[in-house]
Amino acid sequence: MAVASPAGGLDAPSRRIVFDAQMLALGPGGRSIDTSRFERGDVIEPGRYRLDLLLNSRWRGVEEVELRRQPGRESAVFCYDRGLLERAGIDLEKSARGQDRSSARDPLPEGLHCDPLERYVPGARVKLDIAEQSVYVSVPSYYLSLDSSKTYVDPASWDSGISAALLNYNSNLHVRENHGRSATSGYAGMNAGFNFGRARLRHNGTATWSRRMGSHYQRSATYVQTDLPAWRAQLLLGENSTSSEFFDAVSFRGVQLSSDDRMLPDSLRYYAPVVRGTASTNARVSVYQRGYLIYETTVAPGAFALDELQTASYGGDLEVRVTEASGEVRSFIVPFATTVQLLRPGTTRYSLTAGRLNDPSLERRPNMLQGVYQRGLGNDVTAYAGGAFTGSYMSGLMGAALNTPVGGFSGDVTLARTEVPGGDRLSGSSYRLAYSKNLPNTGTNFSLLAYRYSTGGYLGLRDAAFMQDRVERGEPLESFSRLRNRLDANISQQLGNGGNLYLNGSSQRYWSGGGRAVNFSVGYSNQWRDVSYSISAQRLRSHYEGFSSGDKRGETSTLFSLNLSIPLGGAGRGSPTLSSYLTRDSNSGTQLTSGVSGMLGKRGEASYSLSASHDRDSRQTSKSASLDYRLPQVELGSSLSQGPGYRQLSLKAAGGLVAHSGGITAAQTLGETIGLVHAPNARGAGAGYSGSRVDRHGYAVIPNLLPYQLNSVDLDPNGMADEIELRSSSRNVAPTAGAVVRLDYPTRVARPLLVDSRMPSGEPLPFAAEVLDAHSGQPVGAVGQGSRLVLRVEQDRGSVRVRWGNEPQQQCLVDYALGPRETTPPVLQLACRPASAADRERTL
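In structure tokens form, the structure reads like this:
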């Protein structure tokens with residue numbers, strides 16, 4: 001029996017826990033064990049400790065904490081100063097005032113203090129956990145500073161990571177035979193980088209290869225980037241692209257300074273489009289932005305949605321090309337523009353880019369300067385202004401964003417003047433109005449609704465550069481079509497149990513007889529019991545540059561599709577699904593595709609699909625099959641298609657590599673910011689929630705961490721060898737953008753062991769007696785019921801001491817010698833011999 005008291009780690013003086021040793025006595029008049037070690041608890045020694053600091057259970061960073069001995073306390077206590085408490089998120093001015101006169105406190109003086117924290121912060125409590133290397137601070141929410149209840153982490157706790165080299169790869173190989181003629185092509189998208197301190201070197205490019213055209217490599221960006229915490233900004237030097245939020249997105253070579261909202265207490269989220277479409281076979285989907293191939297993958301027959309385009313946030317319409325296994329190619333445009341964003345009062349957002357245009361299509365690449373500045377003027381108004389300049393072009397922009405009861409609006413005016421080679425000049429203006437609104441009561445979401453009108457003499461920076469470049473090549477000015485107006489819409493409507501309706505599209509008209517381009521899609525989806533169905537229509541037009549009226553590609557097509565999915569064999573993750581897709585294309589006719597798909601493996605790491613497609617007009621049938629496998633280190637895929645006159649085989653592999661001081665670690669596709677787990681000997685342990693596992697070298701990669709925010713990364717011991725013990729299974733970190741942060745998890749190699757033993761007299765060993773390593777004196781287990789020792793030993797041969805008191809007759813030694821694991825009995829029968837004076841001296 002124990003008389004309990006509050007935990008001794010709190011600020012308040014702890015009372016001892018007293019056990020009744022007779023409750024554990026070995027029968028009437030039997031021996032009892034010494035329980036004094038349980039009464040004292042863990043005594044914390046004074047010194048400086050590097051501990052995780054948690055405020056009201058929320059991690060606030062890693063701090064160098066001073067622990068000092070105080071009179072009347074067995075354990076050292078937590079000491080603090082103003083800086084530490086303010087970094088944690090405690091408002092010391094509120095603490096001094098208190099909520100009322102009775103709770104007012106003396107102001108906290110400068111210097112280090114070891115008094116109970118409640119003396120300066122009403123209701124404050126502190127608990128130390130040296131085993132978890134943490135200090136827990138609890139205060140009433142009234143005394144928290146504004147940022148302490150958010151995900152914001154103080155910049156002093158940001159981790160810039162380690163030096164490491166990175167590589168992302170996404171490769172595809174296509175072998176196609178069409179009417180006896182074969183063609184082989186390949187694609188590899190690569191994102192490489194190297195981190196050194198706070199500097200991030202990055203290079204993005206794509207390589208394509210075919211037997212007919214040979215090989216070609218195209219780089220899209222090469223730059224060095226670092227964050228500037230004092231400015232809440234990123235500094236970039238090299239080749240990259242500007243944002244399309246206010247001006248046309250352009251590729252540049254130079255320097256860019258831009259604010260980073262992720263560093264702020266209330267970071268903003270950016271809109272990014274999802275590319276939706278329908279494939280009739282195992283098709284190759286290629287995505288282009290501003291003329292660059294930025295993404296390519298293979299999709300199964302039916303509807304697809306691509307939401308992993310990492311570069312889409314930089315803006316610019318996306319041209320999507322769907323290449324069917326038969327060689328048929330369809331193209332459509334996905335409009336992209338940033339949604340209306342309001343800033344908090346007093347906050348700013350800015351971007352300044354200086355250098356030269358770097359578009360691969362330009363022969364003449366002028367120097368350029370572009371900048372934008374935004375300022376939150378109040379809760380409902382944000383003003384912004386900007387300009388773009390070259391030696392023969394200038395434009396200026398002014399506008400505002402408004403928050404109103406009926407939605408968010410933004411409007412701006414841009415004036416531009418362009419020098420035309422030969423002495424002419426174009427002047428014009430452009431007016432834009434954007435709207436965004438979510439109506440939760442009706443389920444309507446206007447995530448983007450924007451209209452722009454431009455006069456005949458207006459040109460954006462990119463269009464002006466192309467016009468000047470082509471006029472210098474001899475093309476007449478009158479041959480260029482300039483944008484007149486454009487309407488973008490992205491609307492969705494939730495119908496409750498009635499499903500979901502969406503409309504996405506854009507409409508563009510051009511001056512100088514440039515015609516009109518319309519691209520839109522509308523769809524409806526719903527579910528009845530386990531059956532999902534959807535219907536959609538797409539109006540597609542080939543990509544139209546809008547410059548040369550002699551270069552019009554106005555071919556249009558209309559695509560209708562009806563999709564139906566029925567699970568087979570229950571709703572489990574591994575259950576197969578029967579799907580049917582009926583499509584009607586105004587150019588290629590009507591097709592019906594039916595197939596079965598599902599997942600295999602304990603964690604659904606493998607996926608498969610089998611399908612057949614029938615063309616009603618040609619009365620021909622094609623067949624497709626695919627198999628994908630997702631490993632912790634790589635994602636592999638294969639597909640096979642066969643139809644009238646053609647066959648196609650596609651192979652793909654995607655993943656990432658991290659080179660660091662401990663070697664090279666393979667991983668799934670890497671995000672911007674990653675974690676490198678190091679847990680020696682913990683092979684097979686699960687790392688985070690991404691499916692990563694610790695490899696044979698003790699490393700694993702967490703492919704996606706949130707920069708400048710708290711990330712908690714846990715290790716799952718399931719899958720480890722029984723001999724491995726995690727001394728800590730959780731780590732907290734707040735990485736900077738692009739960092740590779742190292743997360744160390746100390747482990748112990750200790751073989752689990754069950755031993756039946758008795759005292760030299762033949763009596764059972766006392767229950768709960770402690771078991772120590774006879775050499776080091778470290779605890780290795782305890783005596784359980786039935787005189788059975790439950791141990792974890794680090795050596796295959798040695799001795800353990802069983803001790804139930806301090807007297808010589810209250811301890812004995814068990815000698816063990818272990819063979820191979822497969823030949824060792826599950827329970828050993830070993831004697832506990834008396835301990836000699838020399839044995840007792842070694843343990844002490």
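Note that UniProt numbering gives residue 173 to position 173 of the sequence shown, counting from 1, and the numbers run on in steps of one.
Heads up, the beta-carbon is just placed ideally off N, CA and C, and yes, glycines get one too.
Check your understanding: Less than 8 Å separating the beta-carbons of His678 and Tyr745?
Key -> yes
Check your understanding: According to the Cβ coordinates, are Asp129 and Tyr120 closer than 8 Å?
Key -> no
Point to revise | Opening and closing residue of the beta strand (DSSP E) in which Gln709 lies | key: No beta strand (DSSP E) holds Gln709; DSSP gives it neither H nor E.
Practice item. Could you tell me whether the region 765-778 touches the region 724-731, where touching means 3 or more Cβ pairs closer than 8 Å? Key: no
**Study point:** Any 3 or more C-beta pairs closer than 8 Å across the region 342-362 and the region 633-645
**Key:** no
Point to revise | Integer-rounded CB distance, given that Val320 should sit under 8 Å from Phe332 | key: 6 Å
Point to revise | Straight-line Cα distance separating Ser588 from Arg486 | key: 29 Å
Point to revise | For Gly684 and residue 846, the rounded distance between their alpha carbons | key: Residue 846 lies beyond the stretch modelled for the chain, which goes from 1 to 844, so this question has no answer here.
Practice item. Just the C-alpha distance for Thr583 and Gly327, rounded to the nearest angstrom, thanks. Key: 18 Å
Check your understanding: Among Arg482, Arg425, Thr442 and Ala465, which one has its Cα closest to the Cα of Tyr453?
Key -> Arg482
Practice item. Flag this pair as yes or no: are the beta carbons of Ser693 and Gly719 separated by less than 8 Å? Key: Looking at the sequence provided, one finds Arg at residue 693 rather than Ser. Yes, Cβ-Cβ distance for Arg693 and Gly719 is below 8 Å.
Check your understanding: Can you tell which of Phe389, Gly161, Gln468 and Gly819 has the C-alpha that lies nearest to the C-alpha of Thr414?
Key -> Phe389
Point to revise | DSSP beta-bridge partners of Gln591 | key: Thr583 and Asp615
Review point. Going by the CB atoms, is the gap between Val381 and Leu402 shorter than 8 Å?
Key: yes
Check your understanding: If Gly61 sits next to Ala156, beta carbons under 8 Å apart, how far is it from one beta carbon to the other, in whole angstroms?
Key -> 7 Å
Point to revise | Close beta carbons around Phe409, own chain, < 6 Å, minus the five adjacent residues each side | key: Leu402 and Tyr435
Check your understanding: Count the other CB atoms within 10 Å of the CB of Leu495; is the residue buried (16 or more) or exposed (fewer)?
Key -> exposed
Check your understanding: Around the Cβ of Tyr689, are there at least 16 other Cβ atoms within 10 angstroms (buried) or fewer (exposed)?
Key -> exposed
Exercise for review: Sort Phe767, Val749 and Ala750 by Cα distance to Asp756 and report the nearest one.
Suggested key: Phe767
Check your understanding: Helix, strand or coil: which one does DSSP assign to Lys94?
Key -> helix
Point to revise | Environment of Thr556 [buried if 16+ CB atoms lie within 10 Å] | key: exposed
Review point. Can you list, in chain order, the residues of its chain whose CB lies under 8 Å from that of Pro46, leaving out five sequence neighbours each side?
Key: Leu67, Arg68, Arg69 and Ala76
Review point. What are the uninterrupted segments assigned as alpha helix (DSSP H) that are 4 or more residues long and contained completely in the region 651-677, given in chain order?
Key: none
Point to revise | Simplified DSSP assignment, three categories, for Asp628 | key: strand
Exercise for review: Classify Asn358 as helix, strand or coil using the three-state DSSP reduction.
Suggested key: coil
Exercise for review: Out of Leu357, Val275, Phe196 and Glu93, point me to the one whose CA is closest to Val322's CA.
Suggested key: Val275
**Study point:** Neighbourhood of Gly378 by C-beta distance below 7 Å, restricted to the same chain and skipping five residues each side
**Key:** Pro345
Point to revise | Exposure label - Gly85; buried when at least 16 CB within 10 Å | key: One detail in the question is off: residue 85 reads as Leu in this sequence, not Gly. Leu85 is buried by the Cβ-count criterion.
Practice item. Could you spell out where the beta strand (DSSP E) holding Leu235 opens and where it closes? Key: Ala233 to Ser241
Point to revise | Residue interval of the beta strand (DSSP E) (run including Val329) | key: Val329 to Val334
Review point. Which ranges does the beta strand (DSSP E) cover as unbroken runs of at least 3 residues, wholly within the region 36-80, from first to last along the chain?
Key: 47-55 and 58-68
Point to revise | Rounded straight-line distance, which links the Cα of Leu670 to that of Ser14 | key: Any reading at Ser14 must be qualified, since the residue scores a pLDDT of 46, below 50, and its modelled position is unreliable; the value itself is stated next. Those two C-alpha atoms are separated by around 49 Å.
Review point. Do you know whose CA, among Leu578, Pro779, Gly786 and Val780, lies nearest Leu765's CA?
Key: Gly786
Practice item. Reducing DSSP to helix, strand and coil, say where Phe389 ends up. Key: strand
Point to revise | Cβ of Trp511 within 8 Å of any chain D Cβ | key: This model lacks chain D altogether; it includes just one protein chain.
Exercise for review: Closer than 8 Å by C-beta to Gln133: which residues in its own chain qualify, once you throw out the five before and the five after it? Chain order, please.
Suggested key: Tyr49, Arg50, Leu51, Asp52 and Ser728
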